[in-house]
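Note sheet for the following structure.
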Amino acid sequence: MMRWIVLVLSLALLAGCYTSGKRGSERGLVIHDLGLPAERLPGTERPGILAIEVRAPLWMDSLGINYRLAYADASVLREYSRSRWAGPPGQLIEQRLLQQLDGVPSGQVRGKCLLRVEIAEFSQVFSAPAESRGMLRGRAFWLDAGRRPLAERPVAIAVPAPTADASGGVAALQESVGQLAGLLMAWERELLVGGQAKACTD
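In terms of this note's numbering, the sequence shown opens at residue 166 and continues consecutively.
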């Protein structure tokens with residue numbers, strides 16, 4: 166009888182240790198955005214108001230942080246279970262571009278020109294289990310006051326992730342948006358010098 170009591174107590178103790186260990190290993194949900202508000206890029210002084218709009222596909226309306234295992238099946242879009250964006254990625258990207266390019270949301274005012282960015286991909290792509298990049302792909306458009314196209318160009322930015330997890334993917338995607346802002350700023354200058362964006366300054 167005593168042996169049965171000892172056995173039952175031992176099993177209860179082991180079960181308690183297992184449960185505590187499992188509970189202790191779980192971490193809470195981590196919410197990410199694109200970092201602290203960004204400073205305006207140099208050279209954003211312009212004669213007119215620049216309206217900015219970011220469009221994204223429907224699957225990016227969720228808060229999931231997405232990744233692809235390109236070495237297994239790149240067509241499968243996966244989500245991290247314990248990490249989320251603070252808002253839909255398209256909105257986060259637009260907010261950051263408004264800060265860095267000194268623009269206004271397109272719905273608030275009708276500027277002389279509209280800078281529209283259509284995002285096609287914003288995810289962490291693994292080329293190997295321990296190697297990944299933050300991928301931002303899409304197209305950018307300059308539209309005049311009548312929303313007629315003035316210029317367009319593809320956008321393809323890949324930033325190596327420092328770690329092969331959600332935090333590394335977020336860091337790489339944060340950097341990709343910063344690079345996007347710099348690319349768009351340089352493109353605006355080119356268009357102004359070349360005369361394609363003359364309608365934006367008249």
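Where a beta carbon is used, it is the ideal one built from N, C-alpha and C, also for glycine.
C-alpha gap between residue i and residue j, whole angstroms
i           : j           : result
residue 265 : residue 284 : 18 Å
residue 248 : residue 242 : 15 Å
residue 215 : residue 222 : 23 Å
residue 309 : residue 302 : 23 Å
residue 305 : residue 232 : 23 Å
residue 325 : residue 349 : 21 Å
residue 352 : residue 297 : 28 Å
residue 235 : residue 219 : 26 Å
residue 362 : residue 314 : 10 Å
residue 269 : residue 347 : 17 Å
residue 261 : residue 322 : 16 Å
residue 307 : residue 259 : 15 Å
residue 237 : residue 360 : 47 Å
residue 299 : residue 288 : 6 Å
residue 271 : residue 333 : 32 Å
Nearest neighbour of residue i, chosen from the options [CA to CA]
i           : options            : result
residue 267 : 199, 210, 342, 334 : 210
residue 263 : 272, 363, 205      : 205
residue 335 : 250, 306, 349      : 250
residue 403 : 238, 231, 234, 245 : Because the chain is modelled from 166 through 367, residue 403 falls outside the range shown and cannot be assessed.
residue 208 : 318, 297, 360, 355 : 355
residue 357 : 320, 217, 316, 321 : 316
residue 279 : 311, 195, 333, 238 : 311
residue 320 : 286, 195, 339      : 286
Cβ neighbour criterion (16 or more within 10 Å) applied to residue i
i           : result
residue 240 : exposed
residue 337 : buried
residue 282 : buried
residue 196 : exposed
Cβ-heavy atom distance, residue i to the ligand GTP, below 6 Å
i           : result
residue 217 : Because no ligand of any kind appears in the structure shown, any question about the ligand GTP cannot be addressed here.
Worksheet item: Are at least three pairs of beta-carbons, each pair with one atom in the region 221-230 and one in the region 252-263, less than 8 Å apart?
Response: yes
Worksheet entry | Inter-stretch contact (C-beta, 8 Å, three-pair minimum) for the region 334-344 and the region 193-200 | yes
Discussion item. Does the structure place the region 327-337 close enough to the region 289-302 that three or more beta carbon pairs sit under 8 Å?
Written reply: yes
Discussion item. In chain order, what are the residue ranges of uninterrupted beta strand (DSSP E) at least 3 long that sit wholly in the region 284-331?
Written reply: 296-308, 314-325
Worksheet item: Which runs of the alpha helix (DSSP H), 4 residues or longer, sit entirely within the region 245-277?
Response: 254-266
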